[in-house]
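> In UniProt numbering, the protein residues as written are 1 to 734. Quick one: the structure is below, and I'll ask about it shortly.
Structure representation (structure tokens):
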């Protein structure tokens, strides 16, 4: 495997991570490397950063017992292999000084410039902030790092080089710490490297993470490949010779390289397809590098004429590049003795991008067209990170959304005008709608897939043409979260629902507080600006709206807020006594309030039922039937009880489940359905417990407008001779 670092990681064959990659401390090798492409004054700045870092880390040692400065030098060497600029190399040498020493960001800015200081700050962890858990700390660190990356890509290149060297020297850590770091690398750092097209870093991080996360499996598989190598060498040599002979016959000038597949990719194939090692035949692959794109397709024809291709295994990443800019033709051939052989065909420019991804910007500046397209793709992804950050509630949610997008599949869907969108495997019509535009996603109601009308949850396949159907008053449904696959769709749906909940909670909070103020002789309109300002300062709230939202969501009790507002008002007005109120009016319930007011599922009240409101923390107002057992359990928390009444006129239908005990006779269900329909009532659902001797239990969910409507339905059912007993069910239980 090739490595981005100047020092070879391994000679050939199976990748074996080095036990230690620590460089000499004399700075000579790094100086010689950067001198090949940087000016003398830049080399001088890098050397000054080296001495500054060495002084700051003086006396600090790594777990291996080597001086700590060896680590920043190794990180800088990896970056120098990509020809990064002096600012990035200075930041690499200084990347741990803010974390591990007394040096501040201001000092770095003064000595090495503001840009270098910003890069160091972007890489540094947030050690000075206390977090509730390791997971929260990790999430916030990645949020900060990815946000810094969105403004300067060099941040993530330094971080990846830092992680690569730490993984190379992980043997000196405790086993539990090795496993934790390896898992983090596998879940975050390796996918980011892949997303940025840093293929060599991606492969090495995967391999090292596999080694430290599953050391026994790594050793067993390594031995198996070594023993199999001798048996298969003859086959590989024969294939290589055949390819090198065939291409000149087609007048194709090419460089052909044979390679063994990486250990982790073999392991993953065994795990996913449940194969033994002996069943994994295609552990060898070939790379054919030709001068231009036209020759790529000619070479493909030559190879398909040499060996039969495996149907369905051809992929054209030249016509449709991967999201990270990767381009190549992939095909699998049946070689001698039935051995499957994977072949990649690409140009030298494509090979540069495949190996170094966005780092090609520094390493191969002459390939402007390819790099411009790659930079555009990367910029689009970084912008999507900023969008995810703005719509995510907290760091953990942000990290969850980013993780979703770091494991893309290979589903390419088209708009009716032919624009291509790359989506993860399993993506749905909703994911496609949000990929087109956030407003399209928020207003989508259905989609046409290849001109056929399909529901929103339909999964997409390669080559599907999608037309999104929208409606002006449509809005995201919480159920979408159960099947969307992209981070953008998930974040935007949550953001919309959260805003909608806060809007409704704020309105409800005003109603609740107004009611709670009446016993104090006040209304919201009578509370003075002085009282509001003092109250908001006392409770460190930014706005009245924030207070109303907290009340509506049950985070603050309206009675306590009202009491304190009245006290502050009394101080201002100088009144000796509070004016005694008129009786407080009840909150009117329509049943259409939304997420801030919920009808309890345990008793499912309908208009006409005696009801009581209970404020549930973080959930808003929950309306129960007065005799609901769940409500009775909360009688000790009287501060949370609110007087509520049904609004005289409601314009929605309410679900009620009835249990009917009926005689087993032909046509009973038809009679029941007819009796319900005669009362202008819809049936939502019907189920049965099956036969119980001569009787059966029917569970019928009907939609009624109020309690009197339900009474009419029940009276109509009682006229059926076969109906023995009728009861109204509470909640979902039977």
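Don't be surprised by glycine CBs; every beta carbon is placed ideally from N, CA and C. Computed from a prediction, not measured in an experiment: that's the story for all the values here.
For residue 559 and residue 610, what's the separation of their Cα atoms in angstroms?
23 Å
> Check whether the Cβ atoms of residue 263 and residue 318 lie closer than 8 Å to each other.
no
> Relative to the alpha-carbon of residue 532, which residue among 553, 569, 516 has its alpha-carbon at the smallest distance?
569
> Excluding the 5 residues flanking residue 221 on each side, which residues of the same chain have their C-beta closer than 8 Å to its C-beta?
Shown here for residue 221: same chain residues with a beta carbon closer than 8 Å to its own, the five before and five after excluded, namely 263, 266, 267, 277 in chain order.
> For the putative contact between residue 309 and residue 331, defined by C-beta atoms under 8 Å, what is the C-beta separation to the nearest angstrom?
That pair is a contact at about 5 Å.
> Taking C-beta to C-beta, are residue 723 and residue 676 nearer than 8 Å?
no
> For residue 219 and residue 78, what's the separation of their Cα atoms in angstroms?
So the two alpha carbons sit approximately 27 Å from each other.
> Let me know the secondary structure DSSP gives residue 9 once reduced to three states.
Only weak support is given to the placement of residue 9: the predicted model assigns it a pLDDT of 32, under 50, and the value that follows is read from those uncertain coordinates. It is coil, neither helix nor strand.
> Helix, strand or coil for residue 116, going by three-state DSSP, please let me know.
helix
> If you reduce the DSSP assignment to three classes, tell me which class residue 447 lands in.
strand
> Identify every run of the alpha helix (DSSP H) within the stretch 610-667, keeping only runs that are complete inside it and at least 4 residues long; order them along the chain.
629-632
> I believe residue 112 touches residue 32 by the beta-carbon criterion, under 8 Å. Please report the beta-carbon distance rounded to the nearest angstrom.
With a Cβ gap of about 22 Å, residue 112 and residue 32 do not count as contacting.
> Kindly list the residues whose CB is nearer than 6 Å to the CB of residue 212, restricted to its own chain and excluding five residues on each side of it in sequence; keep chain order.
170, 178, 182
> In terms of residues, what are the limits of the beta strand (DSSP E) holding residue 422?
420-423
> Bridge partners for residue 166 per DSSP, in chain order?
Paired residue(s): none; residue 166 is not in a bridge.
> Kindly say whether residue 240, judged by its beta-carbon, lies nearer than 8 Å to any beta-carbon of chain C.
Checking the listed chains, one finds no chain C in this structure; it contains a single protein chain.
> Please report the residue range of the beta strand (DSSP E) in which residue 284 lies.
284-289
> Does DSSP put residue 413 in a helix, a strand or coil?
strand
> Count the other C-beta atoms from every protein chain shown that fall within 10 angstroms of the C-beta of residue 478, then say buried if there are 16 or more, exposed otherwise.
exposed
> Return the chain-ordered list of same chain residues with a C-beta closer than 7 Å to the C-beta of residue 465, the five sequence neighbours on each side being excluded.
414, 416, 450
> When you compare only the Cα positions, how much space is there between residue 634 and residue 644?
16 Å
> So, is residue 429 buried or exposed, given that buried needs 16 or more other C-beta atoms within 10 angstroms?
Using a 10 angstroms sphere on the CB of residue 429, the tally of other CB atoms reaches 16 or more, which defines it as buried.
> Is it buried or exposed for residue 157, if we count other Cβ within 10 angstroms and need 16 for buried?
By the neighbour-count rule (16 or more Cβ atoms within 10 Å), residue 157 is buried.
> Is the beta carbon of residue 173 closer than 8 Å to that of residue 63?
yes
> Within the same chain, show all residues whose beta-carbon is closer than 6 Å to that of residue 502, passing over the 5 residues directly before and after it, in chain order.
549
> Look up residue 701 in the DSSP assignment and give the residues it is bridged to.
657, 685
> Compare the Cα-Cα distances from residue 341 to each of 239, 461, 190 and report the closest residue.
239
> Which complete beta strand (DSSP E) runs does the stretch 36-104 hold, if anything under 3 residues is left out?
none
> Could you check the C-alpha separation between residue 188 and residue 300 for me, to the nearest Å?
35 Å
> What residue range does the beta strand (DSSP E) around residue 726 cover?
723-728
> Give me the Cα-Cα distance between residue 130 and residue 99, rounded to the nearest whole angstrom.
At residue 130 the pLDDT is 44, less than 50, meaning the model places this residue with poor confidence; the figure from the coordinates comes in the next sentence. So the alpha carbons of these two residues sit roughly 15 Å apart.
> Below 8 Å, can you find three or more Cβ-Cβ pairs linking the stretch 653-667 to the stretch 700-707?
A contact exists between the stretch 653-667 and the stretch 700-707.
> Compute the beta-carbon to beta-carbon distance between residue 119 and residue 164, rounded to the nearest angstrom, for a pair I have assumed lies under 8 Å.
Not quite, the Cβ-Cβ distance comes to about 17 Å (not below 8 Å), so this is no contact.
> Which residue's Cα is closest to the Cα of residue 103: 115, 70, 52, 74?
52
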